[in-house]
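Scroll down for the structure; my scribbles are underneath it.
In the working numbering, the protein residues as written are 2 to 775.
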């Protein structure tokens, strides 16, 4: 029993420390030799020696290993795994450089803090410029909140906000990515701001792609026009074949054709896409075909796709009927059949012709980041309105049914809105190293948090309208795909599948043999580490010595569990009806882990004050519960009871460990929402500091000021009611009684009446009217 226990400890230790093949064989040889010297059974020693030699020799001799072990494994992967997941054949070998995904979900025990998300000092001088532009937009947007009116579009073009992150030489505002997100959040928080910020998002995505990949001529031709609003460029990337692009007839054929009456080398385009109708230029990516090798051998060899700017007024481009269902902006279908554009419309140069998908990804990353900003702004706007209503009820001591449930709903919405802002900070700090997969996951998380905020606030907000979660930008976003995210997170798995898809077979066999054994070590490492960290709740992990050490340990535990779950999902051959549910559960767990990492990044930086740590701790607990729920659902979706039992042992051996959110914590968060101070400002940080007169946000500002000024007088009034000196009555009658008895003076009477009138204006708006400007 002792030797069996020593063997088990040695196996777990080797797996936990990711030991190589030679190290493992040497360690087992030393254990076997120790048994031969100190053991009591020479027969058993001889039997184990034969087993060791039978395993060690084939593993050590490459020719035997490739023929006996590697070839059957390669045949199984090519026969079962690659056909089940066609996208795996297009993998590129990992670069060896750690990616943002690896630092978030990979094997590193301490995550490197990303670049600072704070804007540089040079950008602070521009605050007044964009703040004034946002304030001037507010009344135009509020005039027709259901859609982007022509007047609002004209004001948006004149505001200069289309050039948020463009350099000054292109008539841009040259804002830092963090400040750009803050501008988008501020606009999204305005009445009618949803359609405007959606347009800024889709046009900013196209501008980002041209700025990053366009040649000098294209940058100087298009960027000043895009930045000034003279021309609007947008992405056109959704199509009927978005889920299976292999079936798409879209293409860009290199040929000679007529352009403005002259024969030029150009591209003949066939496609069907969707885009917003007010754009003048559509940026899209199409499969590139060059049968005559007109681009040259170097370009043709690696050509896969091309990013192209297509003008709206080109002959042959058909705009279909717009669709407005559940969208912040209408979408029109674009259809082209044999439309010819010159090579100058190809983003970059002819040498960049194979990188169209990567070029478009730059725009999609910007779109995903902007989408998260929109969700954050809308959530904080809805949260502030619910918090104002709660504060008014508390001010007047109006009894409400189930106040504890109301407080819990409001605090849960506040936590999710706070989490959205944390995700924004993480994305701004990692702006230079995002991949499309991670950006799509961030957008997915933003959607989930935004939905949760609106669900929690729905019983507290009878009136629903534009910007309150009824419409979305999601149809313009790339659909989150799990494989690229997981494979970028775990390079050993990516290297194996990339090797299996290589051609010819001999090259695939050599590469597969080099990748197989590191992968087996990684799989054993994931399982051992997941089990040990789960049993100790992450205490074995090396984590930063901070006030959030407990959550860093939990993050290490969940990252190890996610690695184990990713191995099971990618390498699983059972793609039955439950596979989609398992993918959704794993995506939820990954998204919640991203939210937890965002909080810990923020806590390790300089932006979190000591008074904010209780709020940060509550958000981390909420993220941990969501991670465990996702992992639990993933385990439940396994095809057999054996798989379920194995994964439960590895991922959640002690069950869920995180406690539920208490009523005391909920009451504390509601107190922060109702009491002016740094915590209230932190929870509403995305809202603009100044709002235009006549808007709902301006009314909320005035209510806050009035309630704060009337608070001492209101406390006197409540004390008089409690003492029996004033009879409970209509609020204005109570104020009159208190004034008559000398409980409050004339100034206090005016403050109480002003607060009451503003609260009545607010209630009138909530009931479907229009708020007054008095």
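Backbone N, C-alpha and C define an ideal beta-carbon position, used for all residues, glycine too.
Under the three-state DSSP convention, the category residue i falls into
| i | result |
| --- | --- |
| residue 340 | strand |
| residue 764 | helix |
| residue 232 | coil |
| residue 589 | helix |
| residue 256 | strand |
| residue 283 | strand |
| residue 274 | strand |
| residue 307 | strand |
| residue 312 | strand |
| residue 743 | coil |
| residue 508 | helix |
| residue 288 | strand |
| residue 324 | strand |
| residue 269 | strand |
| residue 298 | Note that residue 298 has pLDDT 49, beneath the 50 cutoff, so the model's placement of it is unreliable and the number below is only indicative. The answer is helix: DSSP assigns residue 298 an H, G or I state. |
| residue 126 | Residue confidence for residue 126 is low, a pLDDT of 38 falling below 50, so the modelled location carries little weight; the figure read from the coordinates is stated next. If DSSP states are grouped into helix, strand and coil, residue 126 belongs with the helices. |
| residue 370 | helix |
| residue 349 | coil |
| residue 203 | helix |
| residue 1 | No answer is possible for residue 1: it lies beyond the span of the chain, which begins at 2 and ends at 775. |
| residue 1 | In the structure as shown, the chain starts at 2 and stops at 775, and residue 1 therefore has no counterpart that could be examined. |
| residue 753 | helix |
CB contact below 8 Å: residue i versus chain C
| i | result |
| --- | --- |
| residue 285 | Looking for chain C here will not work: only one protein chain is present. |
For residue j and residue i, believed in contact at Cβ under 8 Å, the rounded distance
| i | j | result |
| --- | --- | --- |
| residue 557 | residue 535 | Actually they do not touch by this definition, with Cβ atoms about 11 Å apart. |
| residue 614 | residue 656 | Actually they do not touch by this definition, with Cβ atoms about 27 Å apart. |
| residue 348 | residue 310 | 7 Å |
| residue 135 | residue 184 | 7 Å |
| residue 275 | residue 368 | Contact doesn't hold; Cβ gap of about 14 Å is too wide. |
| residue 100 | residue 436 | 7 Å |
| residue 446 | residue 631 | The pair is not a contact, with the Cβ atoms about 12 Å apart (cut-off 8 Å). |
| residue 289 | residue 357 | 7 Å |
| residue 318 | residue 340 | 6 Å |
| residue 481 | residue 442 | 6 Å |
| residue 210 | residue 284 | 6 Å |
| residue 159 | residue 262 | Going by Cβ atoms, the distance from residue 159 to residue 262 rounds to 36 Å, so no, they are not a contact pair. |
C-beta contact flag for residue i and residue j at 8 Å
| i | j | result |
| --- | --- | --- |
| residue 391 | residue 411 | yes |
| residue 374 | residue 186 | yes |
| residue 286 | residue 361 | yes |
| residue 377 | residue 425 | yes |
| residue 523 | residue 19 | yes |
| residue 273 | residue 234 | no |
| residue 565 | residue 483 | no |
| residue 140 | residue 330 | no |
| residue 142 | residue 107 | no |
| residue 520 | residue 497 | yes |
| residue 388 | residue 149 | no |
| residue 350 | residue 216 | yes |
| residue 294 | residue 343 | no |
| residue 29 | residue 526 | no |
| residue 517 | residue 71 | yes |
| residue 156 | residue 138 | yes |
| residue 57 | residue 6 | no |
| residue 593 | residue 423 | no |
| residue 14 | residue 205 | no |
| residue 457 | residue 408 | no |
| residue 601 | residue 552 | yes |
| residue 485 | residue 438 | yes |
| residue 307 | residue 237 | no |
| residue 255 | residue 314 | no |
| residue 75 | residue 501 | yes |
Inset, instruction - Assess, as a yes-or-no matter, whether the segment 400-415 is touched by the segment 164-175 under the definition of 3 or more beta carbon pairs within less than 8 Å. - result: Segments in contact, no.
Inset, instruction - Flag this pair as touching only if the segment 493-512 and the segment 580-587 have three or more C-beta atom pairs under 8 Å; answer yes or no. - result: Judged by Cβ distances under 8 Å, the segment 493-512 makes no contact with the segment 580-587, as fewer than three pairs qualify.
Inset, instruction - State whether the segment 679-687 contacts the segment 732-751, with contact taken as three or more CB pairs (one from each stretch) at a distance under 8 Å. - result: Contact between the segment 679-687 and the segment 732-751 is absent: fewer than three C-beta pairs spanning the two stretches fall below 8 Å.
Inset, instruction - Determine contact between the segment 187-197 and the segment 171-179, defined as no fewer than three beta-carbon pairs at a distance below 8 Å. - result: Result no; under three Cβ-Cβ pairs closer than 8 Å.
Legend entry - Segments assigned alpha helix (DSSP H), at least 4 residues, entirely inside the segment 608-672: With a minimum length of 4 residues, the continuous alpha helix (DSSP H) runs that stay inside the segment 608-672 are 614-637, 642-652.
Inset, instruction - Assess, as a yes-or-no matter, whether the segment 712-723 is touched by the segment 448-455 under the definition of 3 or more beta carbon pairs within less than 8 Å. - result: For the pair of segments examined, the segment 448-455 was found not to touch the segment 712-723: the number of CB pairs separated by less than 8 Å stays below three.
Inset, instruction - Would you check if the segment 32-48 and the segment 60-77 touch, i.e. whether three or more CB-CB distances between them fall below 8 Å? - result: The segment 32-48 and the segment 60-77 do not touch, with fewer than three beta-carbon pairs separated by less than 8 Å.
Inset, instruction - Go through the segment 127-192 residue by residue and report every complete run of the alpha helix (DSSP H) that reaches 4 residues or more, in order. - result: With a minimum length of 4 residues, the continuous alpha helix (DSSP H) runs that stay inside the segment 127-192 are 128-144, 151-160, 178-189.
Legend entry - In chain order, each alpha helix (DSSP H) run of at least 4 residues that lies wholly inside the segment 33-106: Segments of the alpha helix (DSSP H) lying fully in the segment 33-106: 43-61, 63-66, 72-77, 101-106.
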